[in-house]
Amino acid sequence: MASELVFGLQAREELDEAGLIMARAYENYDYVTLYFPDMEKSRKGLQIFMRCVLKANYGKADLLAVHRDGKLVARATLEAPNFKKPSAFQYIIHGFWRVYLNTKWSEINGFIAMDENASKPCHDFQKLGPDIWYLSMLEVDPSAQGQGVGSQFLTYIEEYVRERGGKQLALFTNSRENLAFYSKRGYEVFHECEIEHNGRKIGSWSMKKNGEVKEPQKIRNLNQALDKLRGEIDTVAPHDCMSLNFEIFEQVQVEKLLNNRSVIILDTALRGKFFNFPHNRI
Ligand SMILES: CC(C)(COP(=O)(O)OP(=O)(O)OC[C@H]1O[C@@H](n2cnc3c(N)ncnc32)[C@H](O)[C@@H]1OP(=O)(O)O)[C@@H](O)C(=O)NCCC(=O)NCCS
Numbered sequence: 006m007a008s009e010l011v012f013g014l015q016a017r018e019e020l021d022e023a024g025l026i027m028a029r030a031y032e033n034y035d036y037v038t039l040y041f042p043d044m045e046k047s048r049k050g051l052q053i054f055m056r057c058v059l060k061a062n063y064g065k066a067d068l069l070a071v072h073r074d075g076k077l078v079a080r081a082t083l084e085a086p087n088f089k090k091p092s093a094f095q096y097i098i099h100g101f102w103r104v105y106l107n108t109k110w111s112e113i114n115g116f117i118a119m120d121e122n123a124s125k126p127c128h129d130f131q132k133l134g135p136d137i138w139y140l141s142m143l144e145v146d147p148s149a150q151g152q153g154v155g156s157q158f159l160t161y162i163e164e165y166v167r168e169r170g171g172k173q174l175a176l177f178t179n180s181r182e183n184l185a186f187y188s189k190r191g192y193e194v195f196h197e198c199e200i201e202h203n204g205r206k207i208g209s210w211s212m213k214k215n216g217e218v219k220e221p222q223k224i225r226n227l228n229q230a231l232d233k234l235r236g237e238i239d240t241v242a243p244h245d246c247m248s249l250n251f252e253i254f255e256q257v258q259v260e261k262l263l264n265n266r267s268v269i270i271l272d273t274a275l276r277g278k279f280f281n282f283p284h285n286r287i
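Our numbering numbers the first residue of the sequence shown as 6 and each following residue consecutively.
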């Protein structure tokens, strides 16, 4: 039987390991090699860079992790709508200066400038609403790629965002494989451009997904349970009519359904009304 993936928040003690996964995952990524053509020489600097970025963002961004058999296999950085970038000082205290000792100044400075530019469409897009999240990084350790980890992680991330009131999730990517990966999972391109450096060009696609496109597992379970009970709904009197926010409602119900096998179900067609069902029918 395949080992179970455990999703959750990144522990501080694992930031070094997470930085190594990032460095390994991006080693052959055009976005990185465009500015660091000699990977042998840049590898150490990139590892320090990734660790530093993670440490400076710890407690600011939402750092998520996936474990399998107790081992970290994937990680992601999510920027909430109210995310505040770490200051230059925070990068310095986390050892950013060491990056300069291990890479060429021109390479690292060029990379940072390119990254600011490439992420701008997503950052601008985030300003359009109070409920837009930005997935700034997602990496699966190369040894675990191609086994469904990234897909399941993305589903978890979307659910995580939705549970926190997020309505849209934005991200950008720079490879055609990833473009296909995200397109297949319901993301659409809202901005497209090319990045050019030293005669090499790569694509940059900013993508977004609306909250309703992905039906999170919990909502799916609720809807499946409702479908089973639909025929019996008329026989049960509405328990209570309340005018709470629909979404909060929905989440409360789903939580109860999953955690306590609750008997209270919100019928999405009869918005705002509760019905009691015997425990054993769910
Ligand atoms: C892109 C990435 C997160 C996908 O995670 P994953 O666990 O390999 O993905 P899954 O196994 O769930 O799905 C594999 C799908 O992605 C595609 N894919 C893209 N890059 C891949 C890679 N390096 N290895 C395997 N599959 C890859 C496969 O073709 C496959 O397509 P399918 O949906 O038609 O089956 C992961 O490959 C990765 O970390 N890559 C390097 C870092 C990166 O590019 N991060 C994203 C930046 S936007």
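Note that CB positions come from ideal geometry on N, CA and C, so glycine has one too.
Boundaries around Asp67 are those of the beta strand (DSSP E), Asp67 to Arg73, since no alpha helix (DSSP H) includes it.
Following the DSSP letters along the chain, one finds Arg205 inside the beta strand (DSSP E) bounded by residues Arg205 to Asn215. C-alpha of Leu20 to C-alpha of Gly191: approximately 30 Å in a straight line. For Tyr63, DSSP records a beta bridge to Ala66.
In this structure, the C-beta of Gln52 stays at least 6 Å away from each heavy atom of ligand 1. Within a 10 Å sphere around the beta-carbon of Ser211 sit 16 or more other beta-carbons, which makes this residue buried.
Ile137 and Arg56 have their C-alpha atoms some 26 Å from each other. Linking Glu197 to His128 through their CA atoms gives a straight-line distance of about 14 Å. Relative to the Cα of Ala118, the nearest Cα in the group Ile26, Glu201 and Leu106 belongs to Glu201. When secondary structure is reduced to three states using DSSP, Leu133 falls in the coil class, being assigned neither helix nor strand.
Rounded to whole angstroms, the Cβ separation of Asp67 and Ala93 is 22 Å, and the two are not in contact under 8 Å. Looking from the CA of Phe195, the closest CA among Gly204, Gly171, Thr108 and Ser209 belongs to Ser209. At least one heavy atom of ligand 1 is found less than 6 Å from the C-beta of Ala30. For secondary structure counted as the beta strand (DSSP E) over 3 or more consecutive residues, the stretch 150-198 holds these complete runs in sequence order: 173-178. Restricting attention to Asp35, Asp74 and Leu174, the CA atom closest to the CA of Leu133 is found in Leu174. The alpha carbon of Ile162 has as its nearest neighbour, out of Ala70, Asn87 and Glu199, the alpha carbon of Ala70.
Look at Gly13 here: in three-state DSSP terms it is strand.
Residue pairing for Val145: DSSP places it in a beta bridge opposite Ala79. At the C-beta level, Ala23 and Leu51 stay beyond 7 Å of one another. Residue pairing by DSSP places His202 opposite Arg205 in a beta bridge. With a cut-off of 6 Å, the C-beta of Phe195 is classified as distant from ligand 1, since no heavy atom of the ligand falls inside that distance. A straight-line Cα-Cα distance of about 12 Å links Asn62 and Ile97. In this structure Asn114 is exposed. Its beta-carbon is surrounded by fewer than 16 other beta-carbon atoms within 10 angstroms. Judged by beta-carbon spacing, Ala149 lies within the 7 Å limit of Val78, meaning their Cβ atoms are closer than that value. Tyr139 is bridged by DSSP to Glu84 and Ala175.
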